[in-house]
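Residue numbers (full-length UniProt numbering), protein chains in the order written: chain V, 1 to 252; chain E, 1 to 252; chain L, 1 to 252; chain U, 1 to 252; chain R, 1 to 252; chain F, 1 to 252; chain P, 1 to 252.
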Amino acid sequence: MQGQAQQQAYDRGITIFSPDGRLYQVEYAREAVKRGTASIGVRTPEGVVLAADKRSRSPLMEPTSVEKIHKSDDHIGIASAGHVADARQLIDFARRQSQVNRLRYGEPIGIETLTKEVTDHIQQYTQVGGARPFGVALLIGGVENGTPRLYETDPSGTPYEWKAVSIGADRGDHQAHLEENYSDDLTLEEGIELALETITSTNDEGTSPDGVDVGTISAESEEFVELSNDEIESYLEANDLLATEEDEEPEE
Amino acid sequence: MQGQAQQQAYDRGITIFSPDGRLYQVEYAREAVKRGTASIGVRTPEGVVLAADKRSRSPLMEPTSVEKIHKSDDHIGIASAGHVADARQLIDFARRQSQVNRLRYGEPIGIETLTKEVTDHIQQYTQVGGARPFGVALLIGGVENGTPRLYETDPSGTPYEWKAVSIGADRGDHQAHLEENYSDDLTLEEGIELALETITSTNDEGTSPDGVDVGTISAESEEFVELSNDEIESYLEANDLLATEEDEEPEE
Amino acid sequence: MQGQAQQQAYDRGITIFSPDGRLYQVEYAREAVKRGTASIGVRTPEGVVLAADKRSRSPLMEPTSVEKIHKSDDHIGIASAGHVADARQLIDFARRQSQVNRLRYGEPIGIETLTKEVTDHIQQYTQVGGARPFGVALLIGGVENGTPRLYETDPSGTPYEWKAVSIGADRGDHQAHLEENYSDDLTLEEGIELALETITSTNDEGTSPDGVDVGTISAESEEFVELSNDEIESYLEANDLLATEEDEEPEE
Amino acid sequence: MQGQAQQQAYDRGITIFSPDGRLYQVEYAREAVKRGTASIGVRTPEGVVLAADKRSRSPLMEPTSVEKIHKSDDHIGIASAGHVADARQLIDFARRQSQVNRLRYGEPIGIETLTKEVTDHIQQYTQVGGARPFGVALLIGGVENGTPRLYETDPSGTPYEWKAVSIGADRGDHQAHLEENYSDDLTLEEGIELALETITSTNDEGTSPDGVDVGTISAESEEFVELSNDEIESYLEANDLLATEEDEEPEE
Amino acid sequence: MQGQAQQQAYDRGITIFSPDGRLYQVEYAREAVKRGTASIGVRTPEGVVLAADKRSRSPLMEPTSVEKIHKSDDHIGIASAGHVADARQLIDFARRQSQVNRLRYGEPIGIETLTKEVTDHIQQYTQVGGARPFGVALLIGGVENGTPRLYETDPSGTPYEWKAVSIGADRGDHQAHLEENYSDDLTLEEGIELALETITSTNDEGTSPDGVDVGTISAESEEFVELSNDEIESYLEANDLLATEEDEEPEE
Amino acid sequence: MQGQAQQQAYDRGITIFSPDGRLYQVEYAREAVKRGTASIGVRTPEGVVLAADKRSRSPLMEPTSVEKIHKSDDHIGIASAGHVADARQLIDFARRQSQVNRLRYGEPIGIETLTKEVTDHIQQYTQVGGARPFGVALLIGGVENGTPRLYETDPSGTPYEWKAVSIGADRGDHQAHLEENYSDDLTLEEGIELALETITSTNDEGTSPDGVDVGTISAESEEFVELSNDEIESYLEANDLLATEEDEEPEE
Amino acid sequence: MQGQAQQQAYDRGITIFSPDGRLYQVEYAREAVKRGTASIGVRTPEGVVLAADKRSRSPLMEPTSVEKIHKSDDHIGIASAGHVADARQLIDFARRQSQVNRLRYGEPIGIETLTKEVTDHIQQYTQVGGARPFGVALLIGGVENGTPRLYETDPSGTPYEWKAVSIGADRGDHQAHLEENYSDDLTLEEGIELALETITSTNDEGTSPDGVDVGTISAESEEFVELSNDEIESYLEANDLLATEEDEEPEE
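What follows is the structure in structure tokens.
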């Protein structure tokens, strides 16, 4: 009977409080985030690193089509974990907000400002009926007036600022790895290495260049750039993280 | 009681998260896709092949009326699997988006752009209440600046890019057949053969020309063309895939 | 408990997917079609025949008031099976679409075009909440540029093109009879005979002229005409299908 | 459990299909019709007769306030059976449609046209959510270009044309009485007698003039007229149908 | 289980048909009428009498604040029984309709016309979702062209015309008393006496002037007037209906 | 099972009739009124007294922030009992209606007029879906053309006029106390004393000036004034109602 | 069964009355407040102190990103406890109201005025359907014409004014500590000390400067200022409240 009642409790499509003050639909949306492969963010004085696990489910699927890191504005990148189609909606929303800011104020949007516009949007879907919450978490990284910033949005619509953070599958292990290995004086390159190490730490077979996306926003250039497959391969090789690819997909 | 609760869980008409972070209505819509006959897409350097199993349920039904492959724009074809009436809605949507793009920008729409407009449309039906998700998957194939592209849309609204893919019934067997036989240097003709082989691989009686639709978009012409029954028959015959038609429907 | 759950599953008034990917409200609407008396369509090179079983429930009911075949445009007739009041709505919709086409393009609407506008309309009632699906199937027959066309619309909003088809009660037996007796070179008169034979094949007492409607659209005239009672009686008599009317209703 | 499930099935307020293709709310609305006292329609070559059983529930109630026969237009009368307040809505709708027709086309509305506008209105209440079906059946009688016409509308929104028909309580017995006694060459007076006989056939105590309304539309005058109490009394007396009124209500 | 199902059946907030064709919410609203104290209407050739039982629940409550008889227009009074706040809504509606009639046509509204506008308004609340029916019955009395008229509206939206009628608590006993004692040639004063007798007939302790409201519309003046406490006391005293007031509320 | 059914009966959020004609949501809202501390109204020939129990739940809470008596217009005060936030909505509504009246007619609103506008507003929340009833009762006191008036509004939207009344907790005991001690010739000061006595009658520890609000509208000035703490203390002391404050909150 | 019924009672998404007059969704929202870390407000003659416990969940999370105290206007600060994303909505609402007041009246908004605008906004979410209540409590502190004011808003939309108050976790213990230690003649510095002592009173490990936010609005400057980490550390050290930070997060 417990099971039935619980199931009835979540199938109404509206997010309301349980007797102990919890919002179950939001908590279930957090489970949807955990079902997604991980994304990692690392903030260093030299810039922000975003890295995403995108191990392909089939050798015939184009690795580039599994998008986990997106450019939101020249100086902002966004990584996601969770429901892919939901992520696309929020990233489109973030891009529109970035454009609106440039049009209205003639300057790039602030990282915190953008994050809060996104989280306000997310919150609405947890309070007003007729829709479900977004089943996705985002990492919003960027550089604002030379200062690197790294934010997380969760399905409740709460913004968090981080030095280094993991979202999605294996968050517990990843976050422990980050806490142990993070230091405040990392170079951007060391940040990339920490992110790749963290992703690989929960994958015995190592990481292939096709199985990960890496983007950075350096404090100097204030520009979001994605690493090429070759660059990623170099980092993986140099740090002994590279997967042995013998039984991999056909080469293009 | 379990059964009742489960049944109640899906009959609300709004797509929400289960305690483990899943969207059941979307997963049930994926089942609707599996109930449809298969469509296959194969991308070769020379162009994209779309092929669809459309075995008729009655000898008196016009084979041409079971539409599974549609022209969306001069350079784009779409194949579907799943709920036929839903497919028609999405294909109409795709056609309108293609026209709007030509009107607004004076140029043909990109394959990825179109795919993402379609998947955003699909996603809305999974988050906002008052409607059910679309019970159909699409293969969107086309050529953009000389480059063949092949995308899949699923009922969650996620876009995937593929080298070769099967949707609908027998996806498991078909995809295995594709993975075993695909190579990156197929000619367009070999792509057609691979697609027809894959469809026939799960059909002991072979394939009749009336029971399959084949369309291609060649990298050179950038034009969607459907193969005639005779052309299909030649391919089937040459590859020993042709059904023995003795007890077939009356000829026209 | 099973029964209760099932009953709850269908009494929500919104069409959603079941765990195995089915749309129960649409399938129940198909049952409503089966509860209606049969309509038959036969396409011949010389034109399309529509015939409908309309056996009256009472000798005092005007046989003409049980409308099962309707003129949609000069060159298009529509027969229905299922919920009569729903059929009227769809036929009104078809007539309006026909008129709009003439006004907008100055020419008669195509048979396939009209069919698809009708099925798109039907599909909307299966996806968006706040209404039930239409409980009726239609046969849309007509001649377009000299070519006879015969389409079926079902409650899911799927269009099918047929050479010969039966909708409503006894579809199984009727369709078997059609498949056995249809040939591609029927004359229009032979088409009428085949349709009347098919209807009578499941009625031991024969068919009375009042109990059936017949309409044709000949390829030559491209005009929908309904057969008079006398004409129908001749066909029935000539083919030994005429009911013995001794205990029939009072003559007018 | 069956009872509970059934009760849950009908208390949703939206009309949807059951697994066997039935619309329960419409069938329950038909029960509401059966709960109403009977109305009878008889069509003769000389005109249409409408008669309604309106036995009063209290001697202090004004018999004229139990309206069961209404003038819809000069040439059209409407009798009802079932939910009285619903009947008033439909009759108001019919009157407005009649007026609109006169304004728009400068001529009286056709009987069939009016009937179909009413049934289309009724059908809407069975398909679109947010309201219940109309719990009433109507008899619409009139004369059009000298031809008497008699239609029935039922709660599903289906129009039927009749020579003679009964709606409401005792429909089975009444219809059997009509079928036995109707002939196509009745005079209008014989039609009135048949209607009064039919009503009285299920009432052992006979009929009082206050307990019945009679209206006619003669083919010659094309005008709806209601019979006076005296005229009704004459008919009842002449046909030995008059109730013995000894313990009746106080005279005015 | 029966109890639960029944309770579920009425707590949906929309008025729909039960399997036997009944509208339970309307029937429950009729129960709300029975819970209210009685109102009596008596029509005489000299005018209409409205009387209402308004026994106060507390000696400190102002008897005038328990309004049960209201002036709707110069020539129309309305008495109510049932849910007081609902009555106020309908009476406001009636007043607005009266004013609109004077503005639009320059003449006082007819009693039957007003009644039917009110009952149409009531009916809407029984058919369209999103609201509950009105839990009140009204007696609408007035004089039209010198003729006294007395109508009842019930929660289904059905209008009834009466010579004399009781609504609310004890309707059965009151109506029996009216039927026994009513005659068509009552004077207006005798009508007042009959109304007061009827109310007192179910109250052993007699009636106090504060416990009843009486209003009349005389055929001559065509004006609604309310009787003063002194006038009521005279009538009560003369007819031996006066309550012995020893333990009554403090005098003002 | 009874418990479950009952709970289901009230958790629908729409106010409908139960089988015995009751509106449970309105009755539950009356329970919310009883959960609030009491407010007392006393009407004397010299003016109206409103008094409210506002015992603070914490010594650090500002007693002035527990508002129970409000000025609605110069000549009108309103006291409340029940859900505080709901009371604020109704009082805002009353203030707006007062202002509108002054703007539209250039004169202060009547007490009865205002009360009925408030109760009509309350009634709407009990009939139309999408909101719950107001969980608050109001006492509306004022002077109109020199005459003191005192009204109560309850959650059903019914207005009552009183000589003296209590709403909220202990209504039974308070009302009995009022009935025993009220007389029609109280002075305004005696009215204040009666109100304070009534509140203290159910509080063994006496009343502190901070624990009660008192407002008056004198017939002479026609102005709403609130008594100061010192004035209240004098009344309490003179009537031996003052709480012994030794262990009271810190003085400001 | 009790459990199931209870769970069903709260999962409807609309706030309605229970049989004992309670609004469960509001009470559950109060539980959400208790799940949040505490915020403390202390009013002194020299100004208002707001302090918030913001112990970080991870050493890598930026302490500044856990915002619990916000500037609403120059002279107003707001602290929150409960659902963080909801708090952001209300604080945005408060800021907009502050700006509107300055634009419309050219002067800063009053503290009570702002509080009541916020609580009216909160109340709407508890009465009208389609949304859940806000799961957050606010402390609104400010100085108005030299007078310090401190208000609390709760999820029901009730405003309370306080001398000193705690919201969120440990409210019981905190409020007891405040009641014991508060006096009306605190200096602003003593107010800061009392707030920090109260927060630390339920935390054995002491408080770190990063784990608490403190803001003040002094009566003299009428300006909201946030204390720096160094200032907070001085207060903590001076009052022996400082956490021993040996195993703390890496320094920036």
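No residue lacks a Cβ here, since even glycine has one placed at the ideal position from N, Cα and C.
- Residues of the same chain with a CB within less than 7 angstroms of the CB of Thr-244 of chain V, apart from the 5 flanking positions on each side, are Gly-206 in chain order.
- As computed with DSSP, Thr-207 of chain R is found in a beta bridge with R:Leu-242.
- Annotation: the stretch 13-85 of chain F contains the following complete segments of the alpha helix (DSSP H) (minimum length 4 residues), in chain order: 24-35.
- Burial state of Pro-108 of chain F is buried, judged by a 10 Å Cβ sphere holding 16 or more other Cβ atoms.
- Distances from the CA of Ala-52 of chain P to each of P:Ala-195, P:Ser-218, P:Asn-203 and P:Tyr-235 were compared; the closest alpha carbon is that of P:Ala-195.
- Contact between Gln-25 of chain V and Ile-16 of chain E holds: CB atoms are separated by about 6 angstroms, below the 8 angstroms threshold.
- Nearest CB-CB separation between Pro-59 of chain F and chain P: below the 7 angstroms threshold.
- Of all C-beta pairs linking the stretch 161-171 of chain L to the stretch 36-49 of chain L, three or more are shorter than 8 angstroms, placing the two stretches in contact.
- Its Cα nearest to that of Ser-80 of chain U, the residue U:Arg-35 stands out among U:Arg-35, U:His-121 and U:Gln-123.
- Measuring C-alpha to C-alpha distances from Ile-111 of chain U to each of U:Ile-76, U:Ala-29, U:Val-33 and U:Ser-221 identifies U:Ile-76 as the nearest.
- Identification of residues in the stretch 38-60 of chain V having a C-beta nearer than 8 angstroms to some C-beta of chain P yields an empty set.
- For Ile-217 of chain U, the enclosing beta strand (DSSP E) covers residues 212-218.
- With fewer than three CB-CB distances shorter than 8 angstroms, the stretch 51-66 of chain E does not count as touching the stretch 172-183 of chain E.
- Taking a beta-carbon distance threshold of 7 angstroms, Ser-156 of chain U counts as an interface residue toward chain L.
- Per DSSP, reduced to three states, the secondary structure at Ser-166 of chain P is strand.
- By the Cβ neighbour-count rule, Pro-19 of chain P is exposed, with fewer than 16 other Cβ atoms within 10 Å of its own.
- For Ile-140 of chain L, the enclosing beta strand (DSSP E) begins and ends at 136-144.
- Taking a C-beta distance under 7 angstroms as the contact criterion, Glu-223 of chain E and Asp-74 of chain E qualify as a contact pair.
- At a cut-off of 7 angstroms between beta carbons, Tyr-160 of chain L contacts chain E.
- The three-state reading of DSSP puts Arg-132 of chain L in coil, since its state is none of H, G, I, E or B.
- Taking the CA atoms as reference points, Val-118 of chain U sits about 29 angstroms from Glu-62 of chain U.
- Excluding the 5 residues flanking it on each side, Ile-232 of chain E has same chain C-beta neighbours closer than 7 angstroms at Pro-209, Val-212 and Val-214, in chain order.
- Looking only at V:Ala-131, V:Ser-65, V:Gly-142 and V:Glu-31, the smallest Cα-Cα distance to Ala-94 of chain V is reached by V:Gly-142.
- C-alpha of Asp-240 of chain V to C-alpha of Lys-71 of chain V: approximately 29 angstroms in a straight line.
- Apart from the 5 residues on each side of it in sequence, Leu-227 of chain P sits with its Cβ closer than 6 angstroms to the Cβ of Val-214 in its chain, given in chain order.
- Proximity of Ala-87 of chain V to chain P, defined by a Cβ-Cβ separation below 7 angstroms, is not satisfied.
- Annotation for Glu-152 of chain F: the continuous beta strand (DSSP E) segment containing it runs 147-153.
- For Tyr-182 of chain E, no beta strand (DSSP E) encloses it, and the DSSP letter there is neither H nor E.
- The three-state secondary structure of Glu-233 of chain F, taken from DSSP, is helix.
- Residue pairing by DSSP places Tyr-160 of chain U opposite U:Glu-152 in a beta bridge.
- Annotation: Asp-170 of chain L has no Cβ neighbours in chain E at a cutoff of 9 angstroms; minimum Cβ distance is about 15 angstroms.
- Taking the C-beta atoms as reference points, Ala-137 of chain R is found nearer than 7 angstroms to Asp-154 of chain R.
- Sorting R:Asn-203, R:Gly-157 and R:Pro-148 by C-alpha distance to the C-alpha of Ala-169 of chain R places R:Asn-203 at the top.
- Under DSSP, the beta-bridge partners assigned to Glu-226 of chain V are V:Gly-215.
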